[in-house]
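Notes follow the structure.
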Amino acid sequence: MPTGFSRDRDDQATHLDPNYCGPCYGADPPNNAKKPGCCSSCEEVREAYASNSWAFGRGESVEQCEWEHYAEKLDEQRNEGCRIEGAIRVNKVVGNFHIAPGRSFSKENLHVHDLDNYFDTPVPGGHVFSHVIHSLRFGPQLPELALKKSGSRNVPWTNHHMNPLDNTEQVTNDPAYNFMYFIKVVSTSYLPLGWEKSAHSHSGADDKSDLGGYGHRDDGSLETHQYSVTSHRRSLVGGDESKSGHKEKLHARGGIPGVFFSYDISPMKVINREERTKSFTGFLTGLCAIFGGTLTVAAAVDRFIYEGSTHLRKYRSKNI
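No gaps in the numbering here: position 227 of the sequence shown is 227 in full-length UniProt numbering, and each next residue is one more.
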């Protein structure tokens, strides 16, 4: 080991020699390298390989990675899981986001992942893509009070009506497995009583609000989204999938293991507008209005028939 490096397995190698310029092993140095034209750390070598669309592997024979114990750190993480929380902004166009192993890079205008470490060094009980979706939503959550007022008396709404993927669980023991969720997103507005009074005071200020609070307004109205979903799962080795409940018995092989969410934004919009319930007096008033309208129409029809028959009799009497 050359001088100027620390063998602390918890931290990356510390370069005590400012003149050190590590090789990139045939790849072009990354643009964000700390020292231009050099690969001074294992991470910079990995970035250089990714920019050239090369698989990296465990970093054997790469001195920077050996000093930083990159392979040992990978082995320590073989049986670890992960919990992902966060928010992302997406444009209102067709798109997808996914969770997949390996470093991602572009190759011939395609988005691909370096899967060498995932497939070449399997371990018992290692990584698979069994998962639980605790919550997935597009926009802010409807308040509990609004949910109680939505739906019907017999079937009240819950958050599951808005976000059907909440608490979804998928299990597999196959590392080469792919889960797909096809999501149709629909814009949804909730307009409570009295929202019209302050509607004129809002002029697009929501565009500057923090993600997760987007759509909330001072008048209690809310702009959010609901969605429907269709799920699909398959093994990447292909073959007969009839035992998994698929109607299609044979699946093609290939693809990337992981969890993929493909979403499409609907041009339609659902508006939930709160209105006051009618009282018994209002019901009687409406009933009287119906009777009055019926009598008016009946009188008009009777008058039309009477006038028509009168003119017809006069016309016949003249011809005689």
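Glycine included, each C-beta is placed from N, C-alpha and C at the ideal position.
- Here the alpha carbon of Lys-269 sits roughly 57 angstroms from the alpha carbon of Ser-61.
- Beta-bridge partners of Asn-272 (DSSP): Tyr-190.
- In this structure, DSSP gives Phe-105 an extended state, which the three-state scheme calls strand.
- Under the 10 Å beta carbon count, Gly-102 is surrounded by 16 or more other beta carbons and is classified as buried.
- Taking the CA atoms as reference points, Gly-59 sits about 15 angstroms from Glu-76.
- Per DSSP, the continuous beta strand (DSSP E) segment holding Glu-169 begins and ends at 168 to 170.
- When only Cα atoms are considered, Ala-55 and Arg-89 end up about 30 angstroms apart.
- Secondary structure within the region 42 to 123: the alpha helix (DSSP H) runs of 4 or more consecutive residues, fully enclosed, are 42 to 51, 63 to 68, 70 to 76, 116 to 120 (chain order).
- Your pair Ile-256 and His-127 does not check out as a contact, with CB atoms roughly 14 angstroms apart and the cut at 8 angstroms.
- In this structure, Gln-170 places its C-beta atom within 8 angstroms of the C-beta atom of His-131.
- Of all alpha-carbon atoms in Asn-79, His-111, Arg-83, Phe-261, the one lying nearest the alpha-carbon of Asn-178 is that of Phe-261.
- In this structure, DSSP gives Leu-222 an extended state, which the three-state scheme calls strand.
- Using a 10 angstroms sphere on the CB of Pro-36, the tally of other CB atoms stays under 16, which defines it as exposed.
- The Cβ-Cβ distance between Pro-175 and Ser-228 does not fall below 8 angstroms.
- Within a 10 Å sphere around the beta-carbon of Thr-188 sit 16 or more other beta-carbons, which makes this residue buried.
- Distance between Tyr-70 and Gly-22, taken at the CA atoms: about 16 angstroms.
- Residue pairing by DSSP puts Thr-230 in a beta bridge opposite Phe-182.
- Under the three-state reduction of DSSP output, Gly-282 falls in the helix class.
- Within the same chain, His-15, Tyr-20, Cys-21, Gly-22, Ala-33, Lys-34, Gln-64 come within 8 angstroms of Ser-40 by CB-CB distance, once the 5 residues on both sides are set aside.
- Its Cα nearest to that of Phe-182, the residue Ile-265 stands out among Gly-139, Asn-109, Ile-265, Pro-140.
- Put simply, of Ala-299, Glu-68, Ser-317, Glu-223 the residue whose alpha carbon is nearest the alpha carbon of Val-186 is Glu-223.
- In this structure, Met-180 lies near Ser-231, with their beta-carbon atoms less than 8 angstroms apart.
- Counting of Cβ neighbours within 10 angstroms places Gly-86 among the exposed residues, the total staying below 16.
- For the set Pro-30, Leu-191, Val-297, the Cα lying nearest the Cα of Arg-273 is the one of Leu-191.
- Tyr-315 carries a helical assignment under DSSP once its states are collapsed to helix, strand and coil.
- Judged by beta-carbon spacing, Val-237 lies beyond the 8 angstroms limit of Ile-99, meaning their Cβ atoms are not closer than that value.
- In this structure, the alpha-carbon of Lys-73 lies about 17 angstroms from that of Phe-119.
- Taking a contact as a CB-CB distance under 8 angstroms, the pair His-225 and Phe-138 counts as one, their CB atoms being some 4 angstroms apart.
- In this structure, the alpha-carbon of Gly-282 lies about 27 angstroms from that of Ala-300.
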